[in-house]
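Here is the structure we will look at.
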Amino acid sequence: MPDADTLIQHYLEGSLTVAEAEELHELLTAQPELGERLIQQFEMDAMLRATKPLVADNIIRPALLPKRRFTFATVTTVAAMAACITLMGVWIAMAWPKSAFEETTVSVAVLTRGVNLEWESAAITPGTPLSPGLLQLKSGIAQIEFYQGARVLIEGPAELQLVSSGEATCTRGKLSAHVPPQAKGFRINTPKGTIVDLGTEFGLDVSDANAEVHVFKGEIELHQDAESMKSLKEGQAMAFAASPRFITANASGFASLNEIDTRTALSDRSQFERWLAASTKLNADPDLKLHFSFQDDEMSRSLSNHAASGEDGSIVGATWTTGRWPGKGALEFRNVSDRVRLSVPGETKALTMAMWVRVNGLDRAFNSLFMSEGWSDRKVHWQITREGKIRLGVAGKSGERHVDYDTPVFFTPERFGRWMHLAVVFDPDAREVRHYANGSLLAHLPLKDASPLKIGIAELGNWNDRRKGGIGVAIRLLSGAMDEFALWDRVLGDAEITTLAK
């Protein structure tokens, strides 16, 4: 990978490729001091050439002018031009790669709701976009909405292979489907035949020996090998295997929207009550220094700290919203003003932080989760980078550099808008920093300095860098919401964090 000087030189020579321009953009974002070196190179180059950046094909090319002798007046003019060159160059390096490359997704559907879900395949939570592949549901009801508009309820045990935004294959189990006119032509394949929907509601039951399709509204087509196409309309049903036969449609044998509404409400209430009981136990932990449950009066501008000791948090700007379940409170962060101010006095030898957070987007280079005020002697910054990495930054002692402990990319667009449990552990005995997401270990990184932390005044969802005199403050606002936060001055183990995430 070329270093920064090589990338700058390639730009000045007119040989910078799209990939190199993107790399230069990332370096400028991560290393602000590189901007000064870039300015110096532009000013030097401006003494030899006047430039107007052009983008042609996949190469960024400065246009050279004929050589000439320079007088003092010429040098002054070129110096002024250098400032323009710098602004244009930074614009190209910073903005152009972002607009030239768009993020993509291979997802074709989304799991919108679920009740008592138990998976045989990898666990999936509501809100998850789904790519083509096999879903194996052991028990419970899952509602899947395909991007073309069809809505399908599957009842465990069941197996559903997602093929595209308008097609799936059911090899086992029950499902019911609502197909609006916009999704006409939606297809469900089975080992016994294929159903093509013409805009309707139907149920499907597939077993090893047989398959049944029941039409509740509208019309479907049934296609089988060596059989003529059969049309079924409202109230009709067919058992199709070796010898197809007509039967009477029976909607009561399939899950309905009313049923999932009722079961969802009961499940939500049950989870909420289990969380309340777990919170009471959590608050008795003597090592717990902060626990904000976000179950405060919505007229309140404070967050109650339920730990045995410690101060309440102060809400600035952020507004109340609904959390993980109906009746669960949360705070929404939308504006540059929004934050929760708090304090963790003294030294912290070991540290665990955990929160439930919903990230709506990564709009800035750094997006705050929990950040000490300022950035000096052993302060901590827990944040998400624009690339989607979760970072624990620890400031060095006086005069020493800080250290960043980053995960691989976790927050991709598919995870935006969903409640996630995040935790981070600063473990001086194991000399590790460990990151967790939804109860699973995401990264463990060697700790370079195990000396105690000094958190002090800090903020949830934002940052104050303590500069004075009207100097602009970097915006680190989180675009999203939080509905629980806890901080311990001890190391929590894997099992404890998994329990918190349930």
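Counted the way the working numbering counts, the sequence shown spans residues 63 to 564. Using N, Cα and C, we set each Cβ at its ideal position, and we do this for glycine too. Since we're looking at a predicted model, the values are computed, not measured.
Alpha-carbon to alpha-carbon, residue j and residue i
i: K516; j: T447; result: 23 Å
i: T384; j: I559; result: 24 Å
i: A505; j: L215; result: 35 Å
i: T5; j: E476; result: Missing from the structure shown is residue 5; the chain here goes from 63 to 564 and no further.
i: T262; j: V465; result: 58 Å
i: E229; j: A184; result: 21 Å
i: L173; j: E221; result: 15 Å
i: A273; j: A299; result: 11 Å
i: F316; j: I377; result: 47 Å
i: Q71; j: Q244; result: 54 Å
i: K351; j: L90; result: 38 Å
i: V170; j: P191; result: 7 Å
i: E42; j: L78; result: In this structure the chain extends from 63 to 564, so residue 42 is not present and cannot be described.
i: S314; j: T231; result: 23 Å
i: L61; j: A416; result: Within the shown structure, residues of the chain are numbered from 63 to 564, placing residue 61 beyond reach of any answer.
i: L536; j: L424; result: Reading off the sequence, residue 536 comes out as Ala, not Leu. Cα to Cα, A536 sits roughly 15 Å from L424.
i: I257; j: A212; result: 13 Å
i: G389; j: F472; result: 29 Å
i: A370; j: A340; result: 16 Å
i: T187; j: A499; result: 13 Å
i: A548; j: F488; result: 14 Å
i: K246; j: I282; result: 10 Å
i: V398; j: G523; result: 10 Å
i: L582; j: G176; result: Outside the displayed range of the chain (63 to 564) lies residue 582, so it cannot be described from this structure.
i: R331; j: S269; result: 34 Å
i: N367; j: N178; result: 31 Å
i: L365; j: G235; result: 47 Å
i: V442; j: A457; result: 6 Å
i: E321; j: V402; result: 40 Å
i: N345; j: G518; result: 21 Å
i: S362; j: K510; result: 41 Å
i: R325; j: L338; result: 20 Å
Assigned secondary structure, residue i (DSSP; H/G/I helix, E/B strand, else coil)
i: D287; result: coil
i: K564; result: coil
i: Q93; result: coil
i: D556; result: helix
i: W337; result: helix
i: G461; result: coil
i: P470; result: strand
i: A66; result: helix
i: T86; result: The sequence given here places Leu at residue 86; Thr does not occur at that position. Three-state DSSP puts L86 in a helix.
i: P475; result: helix
i: T410; result: strand
i: I309; result: strand
i: T136; result: Because T136 sits at a pLDDT of 39, beneath the cut-off of 50, its placement in the model cannot be relied upon, and the point is left open.
i: R496; result: strand
i: I282; result: strand
i: D270; result: coil
i: R293; result: Note that residue 293 corresponds to Ser in the displayed sequence, not to Arg. Correct three-state label for S293: strand.
i: V167; result: Going by the sequence as given, residue 167 is Thr instead of Val. If DSSP states are grouped into helix, strand and coil, T167 belongs with coil.
i: T324; result: helix
i: S513; result: coil
i: S329; result: helix
i: S77; result: coil
Residue i, enclosing alpha helix (DSSP H) - first and last residue
i: A369; result: Run containing A369: none; DSSP gives neither H nor E here.
Beta-carbon separation (whole angstroms), residue i vs residue j, contact threshold 8 Å
i: W444; j: M433; result: 7 Å
i: F32; j: M544; result: What the structure shows of the chain is the stretch from 63 to 564, and residue 32 is not part of that stretch, so it cannot be assessed.
i: R552; j: D349; result: 4 Å
i: L454; j: V406; result: Not confirmed; about 15 Å, so no contact.
i: L380; j: L393; result: Per the sequence presented here, residue 380 reads as Ala, with Leu not at that position. 4 Å between Cβ atoms; contact.
i: L484; j: L431; result: 7 Å
i: V277; j: L266; result: Incorrect: roughly 10 Å between the Cβ atoms, too far for contact.
i: E360; j: W387; result: Incorrect: roughly 16 Å between the Cβ atoms, too far for contact.
i: P490; j: A512; result: 4 Å
i: G450; j: T474; result: 6 Å
i: S201; j: P219; result: 7 Å
i: G436; j: D527; result: 6 Å
Opening and closing residue of the beta strand (DSSP E) in which residue i lies
i: A485; result: W481 to D489
i: L509; result: Premise fails: L509 is in no beta strand (DSSP E) and is neither H nor E.
i: A171; result: A171 to W181
i: G455; result: K451 to V456
i: L549; result: S541 to W550
i: I517; result: Counting along the chain, I517 falls outside any beta strand (DSSP E), and DSSP gives it neither H nor E.
i: A299; result: Q298 to A301
CB contact below 8 Å: residue i versus chain B
i: A271; result: Included in the structure is just one protein chain, with no chain B present.
task: With a floor of 3 residues, list each beta strand (DSSP E) that falls wholly inside the segment 193 to 264, ordered by position along the chain.
output: 195 to 208, 213 to 226, 229 to 240, 249 to 252 and 255 to 259
message: I'd like the ranges of any beta strand (DSSP E) spanning at least 3 consecutive residues and lying wholly in the segment 343 to 402.
response: 350 to 354, 375 to 378, 381 to 384 and 391 to 395
query: Hey, which unbroken runs of the beta strand (DSSP E) at 3 residues or more fall wholly within the segment 412 to 445?
result: 413 to 423 and 428 to 434
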